[in-house]
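In the working numbering, the protein residues as written are 1 to 148. Every residue, glycine too, gets a C-beta built ideally from N, C-alpha and C.
Next comes the structure, spelled out in structure tokens:
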């Protein structure tokens, strides 16, 4: 995997980086978003959605309680949050396999339960570097450009 590191000093910079990433996506990528609570996973997801042509990013919110949000852009965008799921068997209740195989972009917050079962095209981890500063480490599969 090709690895890229981006240092963000603000949520706005994180959104800008995500927007660049989203603009380059080909339409069938699976993106894992990792990081502590409040690290900026959903902020980055907003940026990715902007780059994908989602016009109203106010609707891009954490799907913590609904588990799945769907947005319309250049491609359908599926935004999942698996934090509240206890077991991989719970994935069936949200139609995970259908979503994962769908045409479009699949972004998954808290993907840890998928380890060894599903493999992302882009694996992103966000680290706290200060009050607003973050270090974003993205690993791109060889089939994904990652020129961001």
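Taking the alpha-carbon of residue i as reference, which of the options has the nearest alpha-carbon?
i, options, result
"residue 61", "47, 53, 36 and 12", "47"
"residue 25", "105, 118, 132 and 125", "105"
On the three-state DSSP scale, how would you describe residue i?
i, result
"residue 54", "coil"
"residue 138", "strand"
"residue 34", "strand"
"residue 148", "For residue 148, the predicted structure reports a pLDDT of 46, less than 50, and the residue's modelled location is therefore unreliable. A value from the coordinates is still provided. Coil at residue 148, not helix or strand."
"residue 60", "coil"
"residue 128", "strand"
"residue 9", "coil"
"residue 80", "strand"
"residue 74", "coil"
List the DSSP bridge partners of residue i.
i, result
"residue 29", "According to DSSP, residue 29 bridges with nothing at all."
"residue 68", "80"
Using beta-carbon positions only, say whether residue i and residue j come within less than 8 Å of one another.
i, j, result
"residue 68", "residue 49", "no"
- request: Would you mind listing the alpha helix (DSSP H) stretches within the region 85–129 that are 4+ residues and don't spill past its ends, in chain order?
  value: 96–101
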